[in-house]
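A.B. asks: Sharing a structure below in structure tokens format, with a few things to ask.
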Amino acid sequence: MLLGVVVGAAVEAGYWILSTPGQSPRDAPRHVGEQIFSPESVIWNFILLGGLLGFLLGRFASGEPAPKTVRRHRLLSFLVLLVGALIGAVIGLLSFAFVWTQTHPGSEVRDLVERPDVLPSSILPLVALTVVGATIGMAVAAYLMESDMVTRMARAVAATLFGALAGILIYGIAYAAVNYPQVPDSPAYFLHIGEGLNALNPLEFFFAGFGGFVGLLVSRHPWRFYGVVTLISLVSVVTGFLGYSLVVTLPRVEDPFRPLALTLFVAEAASLTLVVLYSFYTIDVATRKHWLKVPAGATHSRYFVPRLAVQVPTFNEPADLVLSTLRSLMRLDYPRDRLVIMVLDDSTRAECAEPLEAFCRENSLRYYRRRDRVGYKAGALNYSLQFVPDDVDFLAVVDADYQVEPDWLRECVGYFADENLAWVQTPQDYRNRHQSFLTEQYYLADAYFYRTVMPSRNEENTIIFCGTMGILRKKALLEVGGWGEKYISEDAELSLRLATHGWDSLYVNKTFGRGLIPPTFDGYKKQHYRWAFGGAKILRGHFWDIVFGRLSRRQSFDYFVGSAHWFEGIFVFMLSAILILLGIGELTGLELATHHSEEVLLIGLVPFFLLADGLTRLHMVMRENMSLSLRQTLRVLGMWFSVKFSNAFAATKSLIGFTLPFVRTPKAPDHKMTRAEAVERAVRVTRFESTMALIMLLLAFGLSVKLWSLWRALGSLEPARLFLAFWIMYYSLIYLAGPLYAYKSYVTFRPDDAASAPPIVTGVPVAG
């Protein structure tokens, strides 16, 4: 970091010498000292930016503590890299001087220093050639040294410089976008971009620093060029929008309307931040050149066949359903003397428990039934640990509705030859995909998680144990204190504790079993409500471990995003509530103002990005992996919208300390409903969403009528009123997803489809 500060100060000194004719290099230290005590000086941009990048580069290159000889090698490599950069920068400067003298007849190189009017008009090509030369010099030095560490540093520096240039360019585009429409008889749009870039003001340094920071962060990922461009551009645009709102438009709002504007700004900031976080995973999967952590490259021994227990927790499940699962487990291709099948039955109904107990007794399976249900599923799993034989070192968990392929254990248990591997997770998959409209969309939406998020997280050792179709090392489970009975999402919570204790995990992206999807909206909503409640409780209970614990930066990022995304509906509701207020004000003549009153198009940036990002990242992955059409992708996006607000309500309750009794996810309704029954039921289970959708639709209709009247009377319309009506209509569709998907699930439900689902096939990829 100190080196970065020194470099930043040196850049300021060099810039001062070049831009101030008659100054001697000997006066540079005095100038730098004077500028340090002048807070408004641009030197702080150089010093702070240089210090930040120097610290990040040093941290990136050093990694974990290393022996003294290794540290010396790193220091030597860094110095060689720095020398290469300086030589390249000098060559870049000389190239600029040569080109400048050739394009300015009668000029000499000394004119660059002696004439004060020359440098400002030439600063951009000067900086560009210097940066390019320094980058090439570092790349050549890294190539000559043939050092992996130096190569990583060169890639980090190159990505940082590229990010800085991208940040400056986006600043120029934003400058032109804001100023171009306001200038009458203005020249070409691209001249405004150059005008903004030529200003050399502190905002340019901010955008350069921010873009460089993002470029550095993504440099360690083997992404293709357009992936880096996409993320840096997205981050820069969002940051620019929020910065512009905070610095320029919010101060214009009059005091009576400032609370409304601040509320809108907070909702926009939170929503757009989540957009950027979600987009990381899709960009990672869609643009990654190669995967570094894959099962094919992991430690695996086909001769490693330890004694293993398969545990099947169940609670009031239909007996036939559980018996089908047990029969599939009895067909596992695993030595019988090394396999223990344990049924953990918490059922309170005799018709569910008695057939299971009889079946286990007849087939030499182990059956356990508690007198109470303390801790729910986690409690049952902890209770069973006292009955696990001492020579059993691994525990596999299977949900009661799953049918498992025979080769599951044979293919996966061999990875535990790696003694630091705590668990292996395979995808959840389903066999009743075509049972209703909802199951079809659920199947595809769930596949997004297992096709996109899990492979990306697997690279950084942050996958979650998903509660079924996973295998655990018993030693690791006992070391971290067993299953967390205080948490509804006990599987994800256990994953976090295992990662915190330094254990590794592995995701095998191949289907080995299929269960049942809740076929109607009731079960789907309850399931996600429970997951949202559990995810928020993990954030509440382990916040300090996630943010300041022993996790890596990427692990902290993954676990934080995994818990925080349940709250997104809160910010969407805040945005829609403000739009409702503005719409009511427009209809009633009540004057309301926000920070977008003058730049009305900006109020649409948040919903536009929410829609565009959701569609783009979902469709990129789904089209590549599952050949989905855009229409199918839109349906999956609607699935997310349909429970967004229910999830946010559950997460908020959990975060402030409410308790939630465990509710078993219903697997099937009693009968197929008529259309009238479906409408009534859909509205009843989505009261909030239906009410909000109705309010916004009526408001949009009222605004449309008023706009039509104004257009007929005046012959023109104000863009602000037109866009307000449009965005209110857009948000009404988000709320309408809930009742619409509920209705569709009831009228398309086919009760017999689950029983007639096709048999599972060995080796089928997840959700394929």
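Residue numbers (our numbering): 86 to 853. Positions of the beta carbon are idealized from the N, C-alpha and C atoms, including for glycine.
(1) Apart from the five residues on each side of it in sequence, which residues of its chain come closer than 7 Å, Cβ to Cβ, to residue 541?
(2) Residue 516 to residue 391, Cα distance in whole Å?
(3) Can you say whether residue 549 is buried or exposed, counting buried as having 16 or more other CB atoms within 10 angstroms of its CB?
(4) Buried or exposed: residue 471, going by 16 or more other Cβ atoms within 10 Å of its Cβ?
(5) Roughly how many angstroms lie between the CA atoms of residue 465 and residue 569, to the nearest whole one?
(6) Where do the N-terminal and C-terminal ends of the alpha helix (DSSP H) with residue 717 fall, by residue?
(7) From 386, 373, 822 and 572, pick the residue whose C-alpha is nearest to that of residue 313; which is it?
(8) How many Å lie between residue 519 and residue 462 at the Cα?
(9) Can you check whether the CB of residue 736 is closer than 8 Å to the CB of residue 662?
(10) Rounding to the nearest angstrom, what Cα-Cα distance links residue 632 and residue 580 in this structure?
(11) For residue 453, list the residues DSSP reports as bridge partners.
(12) Please classify residue 555: does DSSP put it in a helix, a strand, or coil?
(13) Taking just the CA atoms, how far does residue 485 sit from residue 585?
(14) Just reading off the beta strand (DSSP E) that residue 397 is part of, what are its end residues?
(15) Measuring alpha carbon to alpha carbon, tell me which residue in 412, 454, 618 and 458 is nearest residue 448.
(16) If residue 545 and residue 639 are in contact, beta carbons under 8 Å, what's the gap, nearest whole angstrom?
(17) Tell me which same chain residues have a C-beta within less than 7 Å of the C-beta of residue 320, skipping the five on either side of it?
(18) I believe residue 760 touches residue 832 by the beta-carbon criterion, under 8 Å. Please report the beta-carbon distance rounded to the nearest angstrom.
(19) Quick check on DSSP: helix, strand or coil for residue 589?
(20) Do residue 553 and residue 513 count as a contact pair if the criterion is CB distance below 8 Å?
(21) By the 10 Å Cβ neighbour count, where 16 or more other Cβ atoms means buried, how is residue 297 classified, buried or exposed?
(22) Assign residue 418 to buried or exposed, taking buried as 16 or more other Cβ atoms, counted over all protein chains shown, within 10 Å of its Cβ.
(23) Name the residue from 682, 308 and 826 whose alpha carbon lies nearest to the alpha carbon of residue 808.
(24) Return the chain-ordered list of same chain residues with a C-beta closer than 7 Å to the C-beta of residue 582, the five sequence neighbours on each side being excluded.
(25) The alpha helix (DSSP H) that contains residue 658, what's its start and end?
(26) Give a single yes or no on whether residue 568 has its beta carbon closer than 7 Å to a heavy atom of the ligand FAD.
(27) My output table needs one value for residue 635: the three-state DSSP class, helix, strand or coil.
(28) Might you give, ordered along the chain, the residues of its own chain that have their beta carbon closer than 7 Å to the beta carbon of residue 172, omitting 5 neighbours on each side?
(29) Report the residue from 460, 424, 593 and 587 whose alpha carbon sits nearest the alpha carbon of residue 505.
(30) Count the C-beta pairs between the segment 528-535 and the segment 607-616 that are closer than 8 Å, then say yes if the count reaches three, no if not.
(31) Counting beta carbon pairs with one atom in the segment 822-832 and one in the segment 772-784, are three or more of them shorter than 8 Å?
(32) Just the C-alpha distance for residue 487 and residue 407, rounded to the nearest angstrom, thanks.
(33) If you run the structure through DSSP and keep just helix, strand and coil, what is residue 347?
(34) Any chance you could list the beta strand (DSSP E) runs of at least 3 consecutive residues sitting entirely within the segment 293-340, in chain order?
(35) If I'm right that residue 323 touches residue 357 with Cβ under 8 Å, what's the distance once you round it to whole angstroms?
(36) To which residues of the same chain is residue 401 closer than 7 Å at the C-beta, ignoring the five residues directly before and after it?
C.D. replies: Reading off the structure:
(1) Taking C-beta separations shorter than 7 Å and ignoring five residues to either side along the sequence, the partners of residue 541 in its chain run 366, 369 and 370, following chain order.
(2) One alpha carbon belongs to residue 516, the other to residue 391, and they sit about 30 Å apart.
(3) The residue in question, residue 549, is buried, as its Cβ has 16 or more Cβ neighbours within 10 Å.
(4) Per the 10 Å Cβ criterion, exposed.
(5) Distance between the alpha carbons of residue 465 and residue 569 is about 11 Å.
(6) Its alpha helix (DSSP H) spans residues 715-727.
(7) Looking at 386, 373, 822 and 572, the one whose alpha-carbon comes closest to that of residue 313 is 373.
(8) CA-to-CA, the gap between residue 519 and residue 462 works out to about 29 Å.
(9) No. Outside cutoff.
(10) Roughly 16 Å between the two C-alpha positions.
(11) Beta-bridge pairing links residue 453 to 429.
(12) Three-state DSSP puts residue 555 in a strand.
(13) Between residue 585 and residue 485, the alpha-carbon positions lie close to 30 Å from each other.
(14) 393-399 is the span of the beta strand (DSSP E), which, as asked, contains residue 397.
(15) Taking only the C-alpha atoms, the option nearest residue 448 is 412.
(16) That belief holds up - the Cβ atoms of residue 545 and residue 639 are roughly 4 Å apart, short of 8 Å.
(17) Taking C-beta separations shorter than 7 Å and ignoring five residues to either side along the sequence, the partners of residue 320 in its chain run 299 and 361, following chain order.
(18) Right, their Cβ atoms sit about 6 Å apart.
(19) Here residue 589 sits in strand by DSSP.
(20) Yes, the pair counts as a contact, with Cβ atoms nearer than the cut-off.
(21) Around the beta carbon of residue 297, 16 or more other beta carbons sit within 10 angstroms, so the residue counts as buried.
(22) If you draw a 10 Å sphere on the C-beta of residue 418, you find fewer than 16 other C-beta atoms in it, and that means exposed.
(23) For residue 808, the closest alpha carbon among the candidates 682, 308 and 826 is that of 682.
(24) Hits under 7 Å: 565.
(25) In the DSSP annotation of this structure, the continuous segment of the alpha helix (DSSP H) that includes residue 658 starts and ends at 653-673.
(26) This structure lacks the ligand FAD; in fact it carries no ligand of any kind.
(27) In the structure shown, residue 635 sits in coil (DSSP, three-state: anything other than H, G, I, E or B).
(28) So the list reads 222, once near-sequence residues are dropped.
(29) Nearest option by C-alpha distance: 587.
(30) In short, these stretches do not touch, since the Cβ pair count stays below three.
(31) Verdict: yes, contact present.
(32) Rounded to the nearest angstrom, the two C-alpha atoms are 8 Å apart.
(33) Residue state, collapsed to three classes: helix.
(34) DSSP assignment within the segment 293-340 yields no whole beta strand (DSSP E) run of 3 residues or more.
(35) Residue 323 to residue 357, Cβ: 5 Å. Contact.
(36) Cβ within range, chain order: 432, 433, 434, 437 and 749.
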